[in-house]
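Heads up: the structure comes next, in structure tokens.
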Amino acid sequence: MPNKPLAIVIGAGPAGLMAAERLALGGFDVEVFDAMPSAGRKFLLAGKSGMNLTHAENLESFLGRFGHASPSLERALKLFPPAAIRDWAQGLGVETFVGSSGRVFPTDMKAAPLLRAWLHRLRQSGVRFFMRHRWLGFSQYRTYRFQTADGEIEKEAAIAVLALGGASWARLGSDGRWFDYFDRSQITLHPFKPSNCGFECKWSEHFSSKFSGSPLTKVGLQIRTVKEHDEYRIGQFVVSEHGVEGSLIYAFSADIRDLIERDGKATIELDLTPDRSEERILSELNSGRGARSWSSFLRSKLSLHPVHIGLLYEALEKDQMQDVEVLASTIKRLPLILDRARPIDEAISSAGGLCFSELDSDLMMKHFPSVYCAGEMLDWEAPTGGYLLSACLATGYLAGEAGCAFLQNSFAGMMNEGQDV
Numbered sequence: 000m001p002n003k004p005l006a007i008v009i010g011a012g013p014a015g016l017m018a019a020e021r022l023a024l025g026g027f028d029v030e031v032f033d034a035m036p037s038a039g040r041k042f043l044l045a046g047k048s049g050m051n052l053t054h055a056e057n058l059e060s061f062l063g064r065f066g067h068a069s070p071s072l073e074r075a076l077k078l079f080p081p082a083a084i085r086d087w088a089q090g091l092g093v094e095t096f097v098g099s100s101g102r103v104f105p106t107d108m109k110a111a112p113l114l115r116a117w118l119h120r121l122r123q124s125g126v127r128f129f130m131r132h133r134w135l136g137f138s139q140y141r142t143y144r145f146q147t148a149d150g151e152i153e154k155e156a157a158i159a160v161l162a163l164g165g166a167s168w169a170r171l172g173s174d175g176r177w178f179d180y181f182d183r184s185q186i187t188l189h190p191f192k193p194s195n196c197g198f199e200c201k202w203s204e205h206f207s208s209k210f211s212g213s214p215l216t217k218v219g220l221q222i223r224t225v226k227e228h229d230e231y232r233i234g235q236f237v238v239s240e241h242g243v244e245g246s247l248i249y250a251f252s253a254d255i256r257d258l259i260e261r262d263g264k265a266t267i268e269l270d271l272t273p274d275r276s277e278e279r280i281l282s283e284l285n286s287g288r289g290a291r292s293w294s295s296f297l298r299s300k301l302s303l304h305p306v307h308i309g310l311l312y313e314a315l316e317k318d319q320m321q322d323v324e325v326l327a328s329t330i331k332r333l334p335l336i337l338d339r340a341r342p343i344d345e346a347i348s349s350a351g352g353l354c355f356s357e358l359d360s361d362l363m364m365k366h367f368p369s370v371y372c373a374g375e376m377l378d379w380e381a382p383t384g385g386y387l388l389s390a391c392l393a394t395g396y397l398a399g400e401a402g403c404a405f406l407q408n409s410f411a412g413m414m415n416e417g418q419d420v
């Protein structure tokens, strides 16, 4: 009986685990290597506040969330779409539901039970795990180098799937150290950039000390993008010590980042009362505040919270605060200048990485035949809402399926003849 071809997967995040699953289902020996002590560490932390698996919107809209990378990801996302992700989770004994925003969650909202069931199923299917093995590169064709606690080792395999992660949350394994290796090999890469991240602005010391950590629960945000499109969305974010962060900011992070790269800064406009028109606000302001302070008047008449009023004082001079027309206009369009993104290691995800031009339609590297790539190491980004995990799972699925086909075509003859492969 001949030995089955060995497929190795480097990276035990969602993309790597999905590739390993598909390869094991194809009947091949599969070994998974990772630099961290355990699998799926970023997956677990991302799911700590509620495991957002995918999104239930129609597929056309779903594909559009990936910007310039949508055409490159389309095949993978159609091969393993959101509906298939829900079926896959159910196969692991994890039921899901669609939230009011269209986001899909496990019914218990937790990542750990899903990961435990997944790892158990992988081990039951014969997948072997080697933790604390950091990939160092290729020593020769189909031979892979790893650093371990006992020194450097080499592993020969018929194929490999690289799922090495991006460059955010380095403590969980996504440190981007593989980038330099590919750069020296003259592989086309785009530099890593923070995505779904916070941004810095110059708060006064008084505002920062008083309002750091304060949420703005329902505000509008408008931005004019580098393509001269006006974009507007209502949501929530948080004032941080250094600037702003949270879901509404993350939704515009790519646009904000691009403006800063072009102009050295980005100006966003906040609508502090998205349910009220400027005319209504002006009418309320003209109704007279009597003996009340402006702060008390604005709280009672317009339901503005102290952090809203603090933002107004950041944007306006004292005399401007007395001008009801200027004040009404600023309540609806409060300018906020953002200077730079927070460090990439604080970001939820990263943009940049290995360019799709280096891969064929199966996600196999053109310079390294039999090596596939998947997950966040590829040059794409997406907003939060299940899109990030969906694309990681989908690219891992495609790489695993393509790897199976490659092995079947390459080794079928040798296996039929009873030769070791």
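Counting along the sequence shown from 1, when you hit position 303 you're at 302 in numbering that gives the first Met the number 0, and nothing is skipped either side. Cβ atoms here follow ideal geometry from the backbone N, Cα and C, with glycine treated the same way.
Gly249, enclosing alpha helix (DSSP H) - first and last residue:
Sequence index remark: in the sequence shown, residue 249 carries index 250 (1-based). Reading the sequence as shown, one finds Tyr at residue 249 and not Gly. For Tyr249, the enclosing alpha helix (DSSP H) stretches over residues 246-250.
Run through DSSP, which three-state label would Thr147 get?
Translated into positions along the sequence shown, residue 147 becomes position 148. The three-state reading of DSSP puts Thr147 in strand, counting E and B together.
Which value, in whole angstroms, describes the spacing of the CA atoms of Ala68 and Leu163?
Within the sequence shown, residue 68 is the residue found at index 69, counting from 1. Within the sequence shown, residue 163 is the residue found at index 164, counting from 1. Ala68 and Leu163: Cα-Cα distance of roughly 19 Å.
Select from Val126, Cys200, Ser60 the residue whose C-alpha is nearest the C-alpha of Arg339.
Taking the sequence shown and counting its residues from 1, the one referred to as residue 339 is at position 340. Considering only alpha carbons, the answer is Cys200.
Unbroken stretches of the beta strand (DSSP E), 3 residues or longer, contained in the region 5-39:
Restricting attention to beta strand (DSSP E) runs no shorter than 3 residues, the region 5-39 encloses them at 5-9, 28-32, ordered along the chain.
Which stretch, first to last residue, makes up the beta strand (DSSP E) that contains Phe355?
Counting from 1 along the sequence shown, the entry for residue 355 is found at position 356. Per DSSP, Phe355 lies in no beta strand (DSSP E) segment and is marked neither H nor E.
Could you pull the start and end residues of the beta strand (DSSP E) that Phe210 belongs to?
Here residue 210 is taken as the residue at index 211 of the sequence shown, counted from 1. Per DSSP, Phe210 belongs to no beta strand (DSSP E); it is in the alpha helix (DSSP H), 204-210.
Need the endpoints of the alpha helix (DSSP H) that Ile308 sits in, please.
Position 309 of the sequence shown, counted from the start, is the residue given in the question as residue 308. DSSP places Ile308 inside the alpha helix (DSSP H), whose first and last residues are 305-314.
Is it the case that the region 228-246 contacts the region 203-220, given that we only count it when at least three CB pairs across the two stretches are under 8 Å?
By the Cβ test, the region 203-220 is in contact with the region 228-246, since at least three Cβ pairs between them sit closer than 8 Å.
Distance check for Leu310 and Leu326, CA to CA, integer angstroms please.
Numbered from its first residue, the sequence shown carries residue 326 at position 327. Numbered from its first residue, the sequence shown carries residue 310 at position 311. Cα-Cα distance, rounded: 12 Å.
Counted within 10 angstroms of its Cβ, other Cβ atoms place Met0 as buried (16 or more) or exposed
For the purposes of this step, residue 0 is taken as residue 1 along the sequence shown, with counting starting at 1. Here Met0 scores only 32 on pLDDT, less than 50, and its place in the model is too uncertain to base an answer on.
Whole angstroms is fine: what's the gap from Pro13's alpha carbon to Ser246's?
For the purposes of this step, residue 13 is taken as the residue at position 14 of the sequence shown. For the purposes of this step, residue 246 is taken as the residue at position 247 of the sequence shown. Roughly 23 Å separates the two Cα atoms.
Asp262, buried or exposed, once every other Cβ within 10 Å from all chains shown has been counted against 16
On the sequence shown, residue 262 is found 263 positions in, with the first residue counted as 1. Here Asp262 is exposed, its C-beta having fewer than 16 other C-beta atoms within 10 Å.
Member of Ala346, Leu113, Ser173, Pro193 whose CA lies at the smallest distance from the CA of Gly46:
Taking the sequence shown and counting its residues from 1, the one referred to as residue 46 is at position 47. Nearest of Ala346, Leu113, Ser173, Pro193 to Gly46, Cα basis: Leu113.
Where the beta strand (DSSP E) containing Pro334 begins and where it ends:
Taking the sequence shown and counting its residues from 1, one reaches residue 334 at position 335. Run containing Pro334: 333-337, per the beta strand (DSSP E) assignment.
Give me the Cβ distance between Glu375 and Ser173, rounded to the nearest whole Å; I'm assuming they're in contact under 8 Å.
Start at 1 with the first residue of the sequence shown, and residue 375 comes out as number 376. Start at 1 with the first residue of the sequence shown, and residue 173 comes out as number 174. Contact check for Glu375 and Ser173: beta-carbon distance about 7 Å, within the 8 Å limit, so the pair qualifies.
Per DSSP, which one or two residues make a beta bridge with Tyr386?
Stepping through the sequence shown from its first residue, residue 386 is reached at position 387. In DSSP, Tyr386 forms no bridge with anything.
In this structure, does DSSP put Phe191 in helix, strand or coil?
Residue 191 sits at position 192 when you count from the first residue of the sequence shown. When DSSP states are grouped into helix, strand and coil, Phe191 belongs to the strand group.
On a CA-only basis, which of Phe145, Phe198, Pro334, Glu260 is nearest Tyr312? Give me that one, please.
Translated into the one-based positions of the sequence shown, residue 312 becomes position 313. Of Phe145, Phe198, Pro334, Glu260, the residue nearest in Cα terms is Pro334.
The beta strand (DSSP E) with Gly90 in it runs from where to where?
On the sequence shown, residue 90 is found 91 positions in, with the first residue counted as 1. Per DSSP, Gly90 lies in no beta strand (DSSP E); the unbroken alpha helix (DSSP H) holding it starts and ends at 81-90.
Using C-beta distances below 7 Å, list every residue in its chain close to Arg64, excluding the 5 sequence neighbours before and after it, in chain order.
Locating residue 64 in the sequence shown gives position 65, counting from the first residue. If you ignore the 5 residues before and after Arg64, its C-beta comes within less than 7 Å of the C-beta of Ala381, Pro382, Tyr386, all in its own chain and listed in chain order.
Phe129 and Val31 - do their beta-carbons sit closer together than 8 Å?
Here residue 31 refers to the residue found at position 32 when the sequence shown is read from its first residue. Here residue 129 refers to the residue found at position 130 when the sequence shown is read from its first residue. At a Cβ-Cβ threshold of 8 Å, Val31 and Phe129 count as neighbours.
So, at 7 Å on beta carbons, what are the nonlocal neighbours of Leu96 in its own chain, with the 5 sequence-adjacent residues on each side left out?
On the sequence shown, residue 96 is found 97 positions in, with the first residue counted as 1. According to the sequence displayed, residue 96 carries Phe and not Leu. Take Phe96, set aside five residues on each side of it, and the residues of its chain with a beta-carbon closer than 7 Å to its own are Phe104, Thr106, in chain order.
Buried versus exposed, by CB contacts within 10 Å (16 or more), Thr142:
Counted from its first residue, the sequence shown places residue 142 at position 143. Residue burial annotation: Thr142 is exposed, with fewer than 16 other C-beta atoms found within 10 angstroms of its C-beta.
Residues bridged to Leu231 [DSSP beta-bridge criterion]:
For this step, residue 231 is matched to residue 232 along the sequence shown. Per the sequence shown, the amino acid found at residue 231 is Tyr instead of Leu. DSSP lists Gln221 as the bridge partner or partners of Tyr231.
Contact between the region 48-61 and the region 352-367 (3+ Cβ pairs under 8 Å)
Taking one beta carbon from each stretch, the region 48-61 and the region 352-367 have fewer than 3 pairs nearer than 8 Å; the two do not touch.
Can you tell me which residues form a DSSP beta bridge with Ile158?
Locating residue 158 in the sequence shown gives position 159, counting from the first residue. The beta-bridge partner set that DSSP reports for Ile158 consists of Ala6.
From Trp168, Ala23, Tyr140, Ile336, residue whose alpha carbon lies closest to that of Ala156
The sequence position of residue 156 within the sequence shown is 157, counting from 1. The residue among Trp168, Ala23, Tyr140, Ile336 with its C-alpha nearest the C-alpha of Ala156 is Tyr140.
Span of the alpha helix (DSSP H) around Gly63
Position 64 of the sequence shown, counting from 1, holds the residue named residue 63. Element bounds for Gly63: 58-63.
So, helix, strand or coil for Arg275, using DSSP?
One-based indexing of the sequence shown puts residue 275 at position 276. Taken through DSSP and simplified to helix, strand or coil, Arg275 comes out as coil.
Can you list, in chain order, the residues of its chain whose CB lies under 6 Å from that of Cys196, leaving out five sequence neighbours each side?
The residue you call residue 196 lines up with position 197 of the sequence shown. Result list for Cys196: Ser252, Ala340, Arg341, Ala346, in chain order.
Using 8 Å as the threshold, is the region 0-11 in touch with the region 70-78, meaning 3 or more CB pairs across them?
Cβ pair count under 8 Å is below three, so no.
Using DSSP's beta-bridge definition, name the partner residues of Val93.
By one-based count along the sequence shown, residue 93 stands at place 94. Bridge partners of Val93: none, in fact.
For Ile330, three-class secondary structure by DSSP:
Along the sequence shown, one-based indexing puts residue 330 at 331. Residue state, collapsed to three classes: helix.
Buried versus exposed call for Tyr231 [16 or more other C-beta atoms within 10 Å across all chains shown]
Translated into positions along the sequence shown, residue 231 becomes position 232. Counting of Cβ neighbours within 10 angstroms places Tyr231 among the exposed residues, the total staying below 16.
Under 8 Å: do the region 390-399 and the region 77-84 share three or more Cβ pairs, one atom per stretch?
Because the criterion of three Cβ pairs below 8 Å is met, the region 390-399 and the region 77-84 touch.
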